[in-house]
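First up is the structure itself, then whatever we jot down about it.
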Amino acid sequence: MPNSPSTRPLRQAWHEALYGADGFYRQPGGPAAHFSTSAQGLPGVDELLAECIIAIAEEHRLDHVVEIGCGRGELLALIAQRSKRLQLTGVDVVDRPAGLPASVEWVRSPGGEGLPDELTDLRSTLVLAHEWLDVVPCEIAVTTCDGLRVLEVAPDGGSRPGRELSDREREWCEQHWPDAQAAEIGTTRDDAYCELRSRIADGLLICVDYGHTIEDRPTDSTFTGYRAGAICEPRFDGSTDLTAHVSMDSLGVPELLQQKDIAARYLVIPDRPDHELARMDPTKYLLMLRRRSAYATFTEPAGLGAFYWSLERVTSSDATS
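Numbered per UniProt numbering, the sequence shown spans residues 1 to 321.
Okay, structure coming up:
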């Protein structure tokens, strides 16, 4: 069933709501004004993420870190404080933010799965996409009496079943999300990953996101909204972040870990400070408590610790394979 003149494909409505002229990600406050992530708005946790990225860059002897969908450059600013050696580049849909360290370069992106033309032939580069794929709009299929149908958005903002799945969408669901009552079809995310990978001539691609694999697919859609720090019904007017979990295994990456495993590999578990230290050096005591609390948040198995990290080393021989 084709879209009627008064409806829009959900993927199109989703993209316009986030990246259109008045889209959510173009608002002055940026995403940090609405919610916190490991990269933005969680003091201490963001520092641990910065330390992991620096350690991985050092391990792979990489000289440049590019962050895709970097908000207003919060994580890159922390990395700049801790590493004078690394070249840093932020990529997002707005102009260069005020107050960003001069050492951080900036490239404006079209948004969504789109990448700037100048982001190409990256060498000795760690490319980080932290919570980027979950806001790459995708089609959502739901089960009806006529089989799977792709959702469309009505003028009032509600959704309803629309067209049949394309052959590629159907094949993706059969392979990666069989017997679903509702499924976020991962073809656009898979394509976005492949396109980003193709921009690297020599380096490492890391995608960090909340997601799932075929062993633990959700039984229903994860598509939801975030506004003013709270989960809410999706709205397509630019006021709300719109996101859906990522099928991480369909990306076809060689290494898929959870954040708690990354922490175990690259960070040291903070010691519990002795209570006597609170009397002798209260500032140091509070700093140690802060780091220990941040580490617990960063690695919480039911929270941030369950975030997936995909890691793929790319060389000139396989960048476009």
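Just so you know, even glycine gets a beta-carbon here, dropped at the ideal spot from N, CA and C.
By DSSP's assignment, Gly225 forms a beta bridge with Cys232, Leu242. The three-state secondary structure of Val107, taken from DSSP, is strand. A distance below 8 Å separates the beta carbons of Val208 and Phe307. Taken in chain order, the complete alpha helix (DSSP H) segments of 4 residues or longer contained in the segment 278 to 312 are 282 to 299.
A distance below 6 Å between beta-carbons, with the five flanking residues on each side excluded, links Cys232 to the following residues of its chain, in chain order: Gly225. Within the segment 124 to 208, the complete beta strand (DSSP E) segments at least 3 residues long are 140 to 144, 147 to 153, 159 to 164, 182 to 184, listed from N- to C-terminus. Rounded to the nearest angstrom, the gap between the Cα atoms of Val268 and Arg217 is 32 Å. By the beta-carbon neighbour count (other beta carbons within 10 angstroms, threshold 16), Gln259 is buried. Across the structure, Asp46 and Cys70 are spaced so that their CA atoms are roughly 13 Å apart. Residue burial annotation: Leu286 is exposed, with fewer than 16 other C-beta atoms found within 10 angstroms of its C-beta. Taking one beta carbon from each stretch, the segment 129 to 137 and the segment 59 to 73 have 3 or more pairs nearer than 8 Å; the two touch. Within the same chain, and ignoring the five residues on either side of Tyr210 in sequence, the residues whose Cβ sits closer than 6 Å to its Cβ are His245, Phe307. For His64, the pairing in a beta bridge is given by DSSP as Gln87, Thr125. Rounded to the nearest whole angstrom, the CA to CA distance from Gly99 to Glu169 is 43 Å. Segment contact: the segment 160 to 179 against the segment 275 to 286, fewer than three CB-CB distances shorter than 8 Å; contact not assigned. Looking at Gly203, Leu205, Thr240, Gly252, the one whose alpha-carbon comes closest to that of Thr213 is Gly252. Cα atoms of His60 and Tyr266: separation of roughly 13 Å, rounded to the nearest angstrom. Residue nearest to Glu139 within the set Leu49, Asp167, Ser250, Arg11 is Arg11 (criterion: CA-CA distance). Where Gln27 is concerned, there is no enclosing alpha helix (DSSP H), because DSSP gives it neither an H nor an E. In the three-state reduction of the DSSP assignment, Glu118 falls in the coil class. The DSSP-derived three-state label of Arg11 is helix. Membership of Leu76 in the alpha helix (DSSP H) is indicated by the continuous run 74 to 82. Secondary-structure assignment with DSSP links His212 through a beta bridge to Ser247. Taking every protein chain shown into account, the CB of Ala180 has 16 or more other CB atoms within 10 angstroms, so this residue is buried. In this structure the segment 151 to 169 does not touch the segment 192 to 207; the number of beta carbon pairs closer than 8 Å is below three. By the beta-carbon neighbour count (other beta carbons within 10 angstroms, threshold 16), Asp22 is exposed. A distance of 8 Å or more separates the beta carbons of Leu119 and Gly203. Ala182 is positioned such that its CB atom lies closer than 8 Å to that of Ala141. Inclusion of Arg26 and Val94 in the CB contact set at 8 Å is warranted, their separation being smaller than that value.
For Glu255, the enclosing beta strand (DSSP E) stretches over residues 255 to 258.
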